[in-house]
Ligand SMILES: NC(=O)c1ccc[n+]([C@@H]2O[C@H](COP(=O)([O-])OP(=O)(O)OC[C@H]3O[C@@H](n4cnc5c(N)ncnc54)[C@H](O)[C@@H]3O)[C@@H](O)[C@H]2O)c1
């Protein structure tokens, strides 16, 4: 089976490529425009693999996308602008990659009659007080990022309803693990703590996220790719709801660092309080469940950043200090 993975130089896309290539029956072409979140080192270990090919390009380039899609069996769309803070200071790249980009991919899979898995996020449902969102929960996005992802979901669904396209959407909670951009909470905490620098936390750190180890997400996407039902969507979560302050404290404990490194900073606008997904559908219908407990996954993540000096060496202190306000 030949796959076109988009955004495969980024955090989740690269972990997905490394995981998927463990299956000798899969061949992967990776299209990535080298934008925010990308790092060529993420896929260094498979660059010489004969079942892997990298194409530098943008998913908004119709001609290139057509050429690549016509040569594969399925597309998995990880490519997206992914950082909420950046979407607050400049929404335009989010509209381009996350909405126009999926339109180009959908037109191409319609033309060549191929399958597409769209990777989406729990953020499309907005902030939830108490319950967990099922696949039928109404959209209520708060940031330009989550609004662009909800728009993409709607487009994907419309191609199923209108053109009977072979599409599926997955929605996942916050990922953590190796190869994540240093601007995101967990790598930022690890890398700043390593340097004994202050770790900024928005507000009073009470915002709740549900965390999943990135390889558990990748395995769920593979299940959906092979066994998912056309036109359906699947929520993916590992039931690890925890507030930002507590997760940072857990990381510091694993590293043997002082909680005095924590520094509270002014909150960002529209900061959703809590996301939560009900993932019963994928667990029941596709027999998926997460393999990593939070503590174990965090420990592996800390070790990865500590051991991969080539990856972390070039990250300047500026990468951590810029917030939505200062862009
Ligand atoms: N990180 C999370 O916790 C999380 C949770 C749920 C869903 N998601 C979704 O998973 C996907 C991947 O997220 P991530 O954290 O790996 O992001 P990331 O920012 O680390 O990687 C995104 C990659 O996409 C590429 N890209 C962006 N726009 C492109 C375009 N127009 N053409 C080609 N390449 C382009 C970038 O260069 C980058 O390599 C996104 O769709 C995101 O919305 C992420």
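Residue numbers (the numbering used here): 13 to 339.
Cβ coordinates follow ideal geometry from the N, Cα and C atoms, glycine included.
CB contact flag (residue i, residue j, <8 Å)
i, j, result
"residue 89", "residue 117", "yes"
"residue 132", "residue 104", "no"
"residue 33", "residue 61", "yes"
"residue 119", "residue 48", "no"
"residue 136", "residue 153", "yes"
"residue 274", "residue 260", "yes"
"residue 39", "residue 14", "yes"
"residue 41", "residue 65", "yes"
"residue 302", "residue 198", "no"
"residue 100", "residue 286", "no"
"residue 329", "residue 209", "yes"
"residue 289", "residue 134", "yes"
"residue 254", "residue 177", "no"
"residue 189", "residue 309", "yes"
"residue 228", "residue 250", "yes"
"residue 157", "residue 96", "yes"
"residue 213", "residue 257", "yes"
"residue 91", "residue 19", "yes"
"residue 240", "residue 155", "no"
"residue 324", "residue 204", "no"
Assigned exposure category for residue i - 16 Cβ within 10 Å defines buried
i, result
"residue 171", "buried"
"residue 44", "buried"
"residue 262", "buried"
"residue 342", "The question about residue 342 has no answer, for the chain in this structure spans 13 to 339."
"residue 106", "buried"
"residue 175", "exposed"
"residue 98", "buried"
"residue 326", "exposed"
"residue 28", "buried"
"residue 230", "buried"
"residue 173", "exposed"
"residue 51", "buried"
"residue 150", "exposed"
"residue 242", "exposed"
"residue 110", "buried"
"residue 252", "buried"
"residue 268", "exposed"
"residue 299", "exposed"
"residue 270", "exposed"
"residue 320", "exposed"
"residue 130", "buried"
"residue 200", "buried"
"residue 144", "buried"
Assigned secondary structure, residue i (DSSP; H/G/I helix, E/B strand, else coil)
i, result
"residue 323", "helix"
"residue 92", "coil"
"residue 39", "strand"
"residue 212", "strand"
"residue 295", "helix"
"residue 146", "coil"
"residue 141", "coil"
"residue 161", "helix"
"residue 285", "coil"
"residue 123", "helix"
"residue 101", "helix"
"residue 270", "coil"
"residue 154", "coil"
"residue 328", "coil"
"residue 136", "helix"
"residue 278", "coil"
Any chain D beta carbon closer than 8 Å to residue i
i, result
"residue 308", "No chain D is part of this structure, which consists of one protein chain only."
Open item on the list: Counting beta carbon pairs with one atom in the stretch 246-261 and one in the stretch 159-174, are three or more of them shorter than 8 Å?
Closed with: no
Open item on the list: Within 8 Å, do at least three Cβ pairs link the stretch 18-34 to the stretch 184-196?
Closed with: yes
Task: Any 3 or more C-beta pairs closer than 8 Å across the stretch 126-144 and the stretch 77-85 - done: yes
TODO: Spell out a yes or no on whether the stretch 228-236 and the stretch 294-301 are touching, meaning 3 or more CB-CB pairs, one atom from each, closer than 8 Å.
DONE: yes
TODO: Could you tell me which uninterrupted alpha helix (DSSP H) segments, each at least 4 residues in length, are contained entirely in the stretch 219-260, listed from first to last along the chain?
DONE: 226-239
Task: Three or more C-beta pairs below 8 Å linking the stretch 175-190 and the stretch 204-219 - done: no
Open item on the list: Extract the residue ranges of the beta strand (DSSP E) inside the stretch 13-87, only unbroken runs of 3 or more that lie entirely within it.
Closed with: 14-18, 39-44 and 64-68
Task: alpha helix (DSSP H) runs wholly inside the stretch 174-213, at least 4 long, in chain order - done: 197-206
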